[in-house]
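>
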Amino acid sequence: MAATRETAAAVRDVEQYKYGFVTDIESDMAPLGLNEGIIRFISAKKGEPEWMLEWRLKAYRYWLTLADEEPGWAKLRFPKIDYQASYYYAAPKRKAALTSLDEVDPKLLETYKKLGIPLLEQQILAGVAVDAVFDSVSVATTYKKKLEQLGVIFAPFSEAVHKHPELVKKYLGSVVPYSDNFYATLNSAVFTDGSFVYIPKGLRCPMELSTYFRINEKNTGQFERTLIIADEGSYVSYLEGCTAPQRDENQLHAAVVELVALDDAEIKYSTVQNWYPGDADGKGGIYNFVTKRGACRGKNSKIMWTQVETGSAITWKYPSCILQGDNSVGEFYSVAITSNRQQADTGTKMIHLGRNTRSKIVSKGISAGHADNTYRGLVRIGAKADGARNYTQCDSLLIGSTCGAHTVPYVENRNPTAVTEHEATTSKISEDQLFYCRQRGMSQEEAVSLIVNGFCREVLQTLPMEFAVEAQKLVGISLEGSVG
Amino acid sequence: MKPSEIIDHPFAGAYAKRLGVKTPWQGHLPGPKMEAWRFTPLRTLANTPFVPASASAEVDVTELPRGVPLIAGAARLVLVNGAYREDLSDADFGPGVTISTAEAFASSSRSPLALLNAAYASAGVSIDAAGPGLRPIHLVSIGAAGAEPAAFHPRLRITVAPGASLTIIESHVGLPGQTYFSNPVTEIALAENANLRRYVSVAEDSEAFHLATATISIAAGGSLEAFHLGLGGALVRQDITVRFAGRGAAARLNGAYALSGRSHHDFTTVMDHNVPDCRSSQVFKGVADGDSHGVFQGRIHVARDAQKTDARQLHKALFLSRGPEIDCKPELEIYADDVQCAHGAATGEIDHDQLFYLMSRGIDPATARSLLVEGFLTEAVDEISVPEVQALFRDAIGAWLKSRDIARARP
Amino acid sequence: MALLEIKNLHASVAGKEILKGITLSVEPGAVHAIMGPNGTGKSTLSNVIAGREGYDVTQGEVLLDGKNVLAMSPDERARAGIFLAFQYPVEIPGVTTSAFLKTALNAKRRAEGKTEVDAMEFLKLVKAKTAALGMPYDMIKRALNVGFSGGEKKRAEVLQMTLLEPRLAILDETDSGLDIDALKVVSDGVNALRAPDRAFLVITHYQRLLDYIVPDHVHVLAHGRIAASGGKDLALELEAEGYAKYLDTAA
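Protein chains in written order, with my numbering: chain E, -9 to 474; chain W, 3 to 413; chain P, 76 to 326.
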């Protein structure tokens, strides 16, 4: 059938990763490989105080003891990573410190434009402040002034180390200790930059804070570190978006995100992850091994994770909540789409420690092509968590018969007054729904996109409005070419 | 297996010798870092100095222990410490059923416990059923240690010929106050259009260990209806794997557990859908009192070719006191798209509205709770299609509830 | 002596005061209707009398035959003769209606010093009662209230009432969700139970039910207090004029 071939060809064109270009900027790089010298090099490059270097070295020495203990429990297959074959520091060369966007390398800004982040426009379009991380260094921070007036600290991590050492010292590693897991330990040793956010008491942050991360340099690993502290009674919504250029080699991304919510505080953390997933044969793509965890330390605090994961060759990621404060709430909303040879093993952990703590998990997995998509989650109710509640709903959709969809929940309850509920389903897109849409004149792709978006609706609607639209498009684009 | 995933076992030396094959866990028991055993630690088992029960001359069982039901119409088959006892068994199993003891047959299970069984089981018992109108079988496995803790390894094979239909009821019990370790391996093969109804009751003594491994393969058009009850033992695991080997096969695997004291009970099930057009359903319910520990792990695996699979699973558990732990890991592993698969799991306490409703009709709280617990477990027991067996299991649960009340009444 | 005596009853739910001083005296043989708009505390009153948890009595008394009801557990209250016909009878999967009825009946008989009924007597009794209510006898084999229609649930409540023969029956919005035929069956069942030593508290939003179960007294509950009392004509007046004037004055 000619029409089908035509569609397939068109789809192949669209399928090309549209963010797959390289910015040609001279880079300032560390020598290849990893050793104590490299860590001292990174720390020196950033002019870090001694205590920061010591923390890195502690992590590095601990990491060495883990030599053989890369987590092996996830349903993921990939060749052994040679940690000596990567560069652990790359920064765009620049003349002097930047004070305004005008001083930013125009090529960089052009890159952001191609990524669809209207950095300059954003100064006009109110509501979004962007801390853009290009490779390892934060290059531009907008809306800084206005946020400063409110007492909000929104800065590159390396800047916060200098300007707010007391806060960084107090909270860094307090949610994800340097010894947490193989990748988090590696990150603790070699992290180069990231975002630091502090919302003062009682403030409802009036704008979405947003960071776009971008891996550019060849063979660089990206190890950013984000720390968000919401002081008593405050609120912040934070959005993170990720893209990476097209490379034949696999690149490692091992980030750590720590959230701390004190009494009555609320943090909403949304991620749209669209790292390069590799080509149709599984060549290239990002290894996304990320540790994200939030502590609801105060009473009545709330942390809400929303993630839309469409990219990366491999995703290993479990944004979690430690519900310590009485009446605290943890929520996790996830859409994970895998196609071609992508693999995702993602989910959450809800650890209930305080009384009347509540958690809700909604996970939607869509698997197509030769991909494998696993939800892995833990709900643990401690003996003292009287009145705790959890509700979990995991739904998986399979598109085609060469992919896999898996659900692996762990529910551990030690409190008789707690109630946990878990439901999961796996099925394919309903032929009836598809036919109905086709009969109304939609193409197969349009119909699938529509139905899958409907399937993900509960999650997508938790995203901030402007990103929900982007995410909806992404859902459609991610599946093109993998349908009938 | 990594070294961190195993624990040493006192049998190690003899075990390795007898097994004579090199397996990764030769001479070892699985440790808590092995995923399938994360909720069921075997350290106490490993630290108990068992002797092979066959070596214990002091043991003499001459009659069935109290509490073993007499099932009218069923032919009785008795094992003491894993060995077939002709004197305690019926002589006639009716036409179509052949009982034989044979050298240990091969088992398809590669689990460490099945391998341990393979190393130690002396003789296996085979039940081969063919033809119409078969008499039900009541298998009674009795554990009896002497002065020293004793271990035994029953090995059972059941085959049901094409079109035949067999019912087997299993009672796993022991002499009171004794420490023994029963490690049964059961291998079941259902031929085309064969049916098996298997009802298993594990009510071991409170000091006993029971780690059962059963593998059931079902050929095209065959069906299994199974119910497993767990009422006690220091450490009990019922590990059940169902393999679909032909189209149109069906399995209903259900169970219940009621735990008190320091009992640990683990249901681990695998539904292995390797071929198209098969159906499986599972309903497991449990209640936990005292400081007990209930575990449910249920995996549904659907292979690439197993289109049109319909697989469902439900696990619900109730806490009856402060103290127990309930862990649950349902798992879907799906590689075919045209399937309907679902699982549900819930834990909680007795519903307050239901309790209030019963009390508002004049029923005292203890009776109301008993009634609700019984009703809760009944949902699983109702899945048993043979009324007499259903009544039997209902009575066993009723007796458990009564004994619990008696225990409560003590100062 | 009054059968039920409520004196200056205050009760709150989750710290919010719902009942703000209710005083009510119910004589044996009488039918009292409690009417009022939604959210004025009608269901709270019935739940407090029956002893549901989560309702805190902060002040006042409830006496049944002179005995302090508030000190009793819900089952003691039931055995003392209080029966609440629920607005939403709870479903209990796995527990058959017959096992439930027999347990409840024998609990009451034991409390009264009577011998328990055996299975045969019980079945005979239930057969007679279900027949009288026009209910299929097979219903008692089903799990309690599970899969029952709205009408079936209300009929099952009346069946329980006729079996347990309470001193005080509280009907909490028994008419809600019933069509006219079911309403008639339920009302007939209730009317058949009217007796000189038994009283009824009929809680309803609409006058309709009172056409079938004719009350001796009608009270209007508004803002947690009894705003007006009268004879059965008060119900008709409410039907015609609505509750507006009580909501205004009682506020």
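Ideal Cβ placement from N, Cα and C applies to all residues, glycine included.
#1: Does any residue of chain W have a CB that is nearer than 8 Å to the CB of P:I167?
#2: Buried or exposed, going by whether 16 or more other CB atoms sit within 10 Å of the CB of P:Q235?
#3: So which of E:G284, E:R46, E:N405 has the shortest CA-CA distance to E:K159?
#4: Can you list the residues of chain P that W:T369 reaches, using a CB-CB cut of under 9 Å?
#5: When the distance is taken between beta carbons, is E:V262 closer than 8 Å to E:F445?
#6: For P:I93 versus P:V137, is the C-beta distance shorter than 8 Å?
#7: Take P:S173 as the anchor and find which of P:I245, P:M76, P:G116, P:L219 has the nearest alpha-carbon.
#8: Please report how far the alpha carbon of E:A395 lies from the alpha carbon of E:I356, in whole angstroms.
#9: Under three-state DSSP, which class holds E:F144?
#10: Identify every residue that forms a DSSP beta bridge with E:W41.
#11: Please identify, using Cβ separations under 8 Å, the residues of the stretch 265 to 291 of chain W that lie next to chain P, in order along the chain.
#12: Which two residues bound the contiguous beta strand (DSSP E) that contains W:V296?
#13: Tell me, please, whether the CB atom of E:S468 is closer than 8 Å to any CB atom in chain W?
#14: Measuring only the C-alpha atoms, how far is W:L177 from W:D207?
#15: Counting only Cβ pairs nearer than 9 Å, list the residues of chain W close to P:L139.
#16: Starting from the beta carbon of W:Y359, find every residue of chain P whose beta carbon is closer than 8 Å, and list them in chain order.
#17: Within 7 Å: the Cβ of E:V449 and any heavy atom of the ligand GTP?
#18: Count the other CB atoms within 10 Å of the CB of E:V459; is the residue buried (16 or more) or exposed (fewer)?
#19: Please list, in chain order, the residues of the stretch 233 to 259 of chain P that have any C-beta partner in chain W closer than 8 Å.
#20: Any beta carbon of chain W sitting closer than 8 Å to that of P:E128?
#21: Does DSSP put W:G377 in a helix, in a strand, or in coil?
#22: Measure from the C-beta of E:P399 to each C-beta in chain W and report whether the shortest distance is under 8 Å.
#23: Which residue wins for smallest C-alpha separation from E:V487, given the options E:G337, E:V352, E:N403, E:N405?
#24: Does W:Y259 get closer than 8 Å to chain E when you measure Cβ to Cβ?
#25: Where does the unbroken beta strand (DSSP E) through W:A191 begin, and where does it stop?
#26: What in chain W is Cβ-close to P:A153, meaning under 9 Å?
#27: Could you give the residue range of the beta strand (DSSP E) that holds W:V175?
#28: In three-state DSSP terms, what is W:A123?
#29: Taking P:A89 as the reference, give the member of P:G129, P:H107, P:A105 with the closest Cα.
#30: Kindly list, in the order they appear in chain P, the residues whose Cβ is closer than 7 Å to that of W:F378.
#31: Can a CB atom of chain E be found closer than 8 Å to the CB of W:A338?
#32: If we ignore side chains and look at the alpha-carbon of each, how far apart do P:D263 and P:Y287 end up?
#33: Anyone know if the C-beta pair for W:R301 and W:E333 falls short of 8 Å?
#34: Specify, as a first and last residue, the run of the beta strand (DSSP E) that W:H266 falls within.
#35: Under 9 Å Cβ-Cβ, which residues of chain W neighbour P:A194?
#36: Is the distance from the Cβ of P:V233 to the Cβ of P:V277 below 8 Å?
Straight from the coordinates:
#1: Indexing the third sequence from 1 puts residue 167 of chain P at position 92. Yes - at least one Cβ of chain W is within 8 Å of the one on P:I167.
#2: Position 160 of the third sequence, counting from 1, holds the residue named residue 235 of chain P. Under this definition P:Q235 is a buried residue.
#3: The residue labelled residue 159 of chain E in the question sits at position 169 within the first sequence. Nearest C-alpha to E:K159: E:R46.
#4: Translated into the one-based positions of the second sequence, residue 369 of chain W becomes position 367. In chain order: D150, T178, A182.
#5: On the first sequence, residue 445 of chain E is found 455 positions in, with the first residue counted as 1. On the first sequence, residue 262 of chain E is found 272 positions in, with the first residue counted as 1. Contact: no.
#6: For the purposes of this step, residue 93 of chain P is taken as the residue at position 18 of the third sequence. For the purposes of this step, residue 137 of chain P is taken as the residue at position 62 of the third sequence. Not a contact, by the Cβ cut-off of 8 Å.
#7: Position 98 of the third sequence, counted from the first residue, corresponds to residue 173 of chain P. Selected option, being the one with the closest Cα: P:L219.
#8: Numbered from 1 along the first sequence, position 405 holds the residue referred to as residue 395 of chain E. Numbered from 1 along the first sequence, position 366 holds the residue referred to as residue 356 of chain E. Computed Cα separation, rounded: 8 Å.
#9: What you label residue 144 of chain E is simply residue 154 of the first sequence in a count that begins at 1. Strand, per DSSP.
#10: One-based indexing of the first sequence puts residue 41 of chain E at position 51. DSSP lists no partner for E:W41.
#11: Against chain P - using a Cβ distance shorter than 8 Å - the stretch 265 to 291 of chain W contributes no residues.
#12: What you label residue 296 of chain W is simply residue 294 of the second sequence in a count that begins at 1. Residue identity differs from the one stated: residue 296 of chain W is Gly in this sequence, not Val. Where W:G296 is concerned, the enclosing beta strand (DSSP E) stretches over 295 to 304.
#13: One-based indexing of the first sequence puts residue 468 of chain E at position 478. Look at E:S468: its C-beta is not under 8 Å from any C-beta on chain W.
#14: Reading the second sequence from its first residue, position 175 is the one you call residue 177 of chain W. Reading the second sequence from its first residue, position 205 is the one you call residue 207 of chain W. Each residue's alpha carbon lies about 7 Å from the other.
#15: The count along the third sequence starts at 1 and reaches residue 139 of chain P at position 64. Within chain W, no C-beta atom comes nearer than 9 Å to that of P:L139; the closest sits roughly 14 Å away.
#16: Locating residue 359 of chain W in the second sequence gives position 357, counting from the first residue. Result: F161, P164, V165, I167.
#17: For the structure depicted, the ligand GTP is absent and the ligand set is empty, with no information on it obtainable.
#18: The residue given as residue 459 of chain E occupies position 469 in the first sequence. Under this definition E:V459 is an exposed residue.
#19: Q235, L239
#20: In the third sequence, the residue the question calls residue 128 of chain P occupies position 53. Taking 8 Å as the threshold, the shortest C-beta distance from P:E128 to chain W falls below it.
#21: Mapped onto the second sequence, residue 377 of chain W falls at position 375. Here W:G377 sits in helix by DSSP.
#22: For the purposes of this step, residue 399 of chain E is taken as residue 409 along the first sequence, with counting starting at 1. Yes, E:P399 counts as interfacial toward chain W.
#23: This structure cannot speak to residue 487 of chain E, because chain E is shown only from -9 to 474.
#24: The count along the second sequence starts at 1 and reaches residue 259 of chain W at position 257. Output row for W:Y259: interface = no.
#25: Translated into positions along the second sequence, residue 191 of chain W becomes position 189. Per DSSP, W:A191 belongs to the beta strand (DSSP E) from 187 to 192.
#26: Here residue 153 of chain P refers to the residue found at position 78 when the third sequence is read from its first residue. Residues of chain W passing the Cβ test: M361, S362, R363, G364, I365.
#27: For the purposes of this step, residue 175 of chain W is taken as residue 173 along the second sequence, with counting starting at 1. Residues 167 to 176.
#28: Working through the second sequence from its first residue, we reach residue 123 of chain W at position 121. Here W:A123 sits in coil by DSSP.
#29: Reading the third sequence from its first residue, position 14 is the one you call residue 89 of chain P. With respect to the C-alpha of P:A89, the residue from P:G129, P:H107, P:A105 having the closest C-alpha is P:G129.
#30: Taking the first residue of the second sequence as position 1, residue 378 of chain W is located at position 376. Those are G169, listed as they occur along chain P.
#31: Locating residue 338 of chain W in the second sequence gives position 336, counting from the first residue. Cβ-Cβ to chain E under 8 Å: yes for W:A338.
#32: Against the third sequence, residue 263 of chain P aligns to sequence position 188. Against the third sequence, residue 287 of chain P aligns to sequence position 212. Each residue's alpha carbon lies about 8 Å from the other.
#33: Locating residue 301 of chain W in the second sequence gives position 299, counting from the first residue. Locating residue 333 of chain W in the second sequence gives position 331, counting from the first residue. Their beta carbons are under 8 Å apart, which means W:R301 touches W:E333 by this criterion.
#34: In the second sequence, residue 266 of chain W corresponds to position 264, counting from 1. Element bounds for W:H266: 266 to 275.
#35: Sequence index remark: in the third sequence, residue 194 of chain P carries index 119 (1-based). By Cβ distance, chain W contributes nothing, its closest Cβ being about 15 Å from P:A194, past 9 Å.
#36: What you label residue 233 of chain P is simply residue 158 of the third sequence in a count that begins at 1. What you label residue 277 of chain P is simply residue 202 of the third sequence in a count that begins at 1. Against a cut-off of 8 Å, the Cβ pair of P:V277 and P:V233 comes out as no contact.
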